[in-house]
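Numbering (the working numbering), first residue to last: 298 to 546.
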């Protein structure tokens, strides 16, 4: 691994351990399904599997056996905590052009997935990986999301993709203060040009940043289904605005 990769891996694993983001079973691979094992044999994603192998080791060193026992129970946007996707260009340069923040993972606690299966954003066509999608998330939802966000393989390589709700409190719901602080730490480390807040919860938590720094923070809906009429009407223009911002980065 290059120096930039080692440095970014060290920084991210340290802050994730600081906030007790993952359970012992997740880090040690004691889960029914793991996205890392699924992507290990995909040549263009082997870099990501290698990254997480080392990340897991570093995380365990930092946690020193003091594992987080809190789990999500009854939170409306999170049941588990997914792994972030980190593009190859981000690892090589140490910075991200784009940092996407989604709501939270509704994945089963018995599965370790990656936020909105964003590891597959680097491919133009995912048909050959349908068996993997079947384990974690319907591909029709995935395809519509990519279309709305205007994701291309080139954008994916320059992106860091994660969730807002990653840290549960002792009541089993998201610890909003810690979730926000963790994201601010990641933003400080990765220095993204553009932070894309996808969905109402990330938007609401970063409303002050959206108002103070609209050139760096932008918000779009996760979907146009099951949302207020105003969002249905404004959503297409919000997506269009986001897609126009990529060309300026």
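Beta carbons are placed, not taken as given, at the ideal position from N, Cα and C, and that holds for glycine.
- Proximity of the segment 348-361 to the segment 447-456 falls short of the contact definition, fewer than three beta-carbon pairs being nearer than 8 Å.
- The C-alpha of residue 342 lies about 33 Å from the C-alpha of residue 371.
- Fully contained in the segment 405-472 are the following alpha helix (DSSP H) runs of length 4 or more, in chain order: 427-433, 436-446 and 450-454.
- A straight-line Cα-Cα distance of about 29 Å links residue 333 and residue 500.
- For residue 353, the three-state secondary structure derived from DSSP is helix.
- As the crow flies, the alpha-carbon of residue 402 is around 6 Å from that of residue 378.
- Counting every other CB atom within 10 Å of its CB across the protein chains shown gives residue 491 a total of 16 or more, marking it as buried.
- Each residue's CA atom was taken as its position, placing residue 387 and residue 540 some 20 Å apart.
- Residue 395 is bridged by DSSP to 456 and 491.
- For residue 515, the uninterrupted beta strand (DSSP E) segment begins and ends at 514-517.
- The residues 409, in chain order, have a CB closer than 6 Å to that of residue 323 in the same chain once the five nearest residues on each side in sequence are set aside.
- The segment 407-422 makes no contact with the segment 504-512; the number of CB pairs closer than 8 Å stays below 3.
- A direct Cα-Cα distance of roughly 22 Å separates residue 427 from residue 519.
- The Cβ atoms of residue 456 and residue 397 sit closer than 8 Å to each other.
- Residue environment: residue 299 is assigned as exposed (fewer than 16 neighbouring CB atoms within 10 Å of its CB, all protein chains considered).
- Counting only the Cα atoms, residue 544 lies some 33 Å from residue 318.
- If you ignore the 5 residues before and after residue 535, its C-beta comes within less than 6 Å of the C-beta of 517, all in its own chain and listed in chain order.
- Listed as beta-bridge partners of residue 380 by DSSP are 411.
- Considering only 478, 326 and 369, the residue with the shortest C-alpha distance to residue 467 is 369.
- In the three-state reduction of the DSSP assignment, residue 523 falls in the coil class, being assigned neither a helical nor a strand state.
- Excluding sequence positions up to five before and after residue 335, its CB lies within less than 6 Å of the CB of 429, all in the same chain and listed in chain order.
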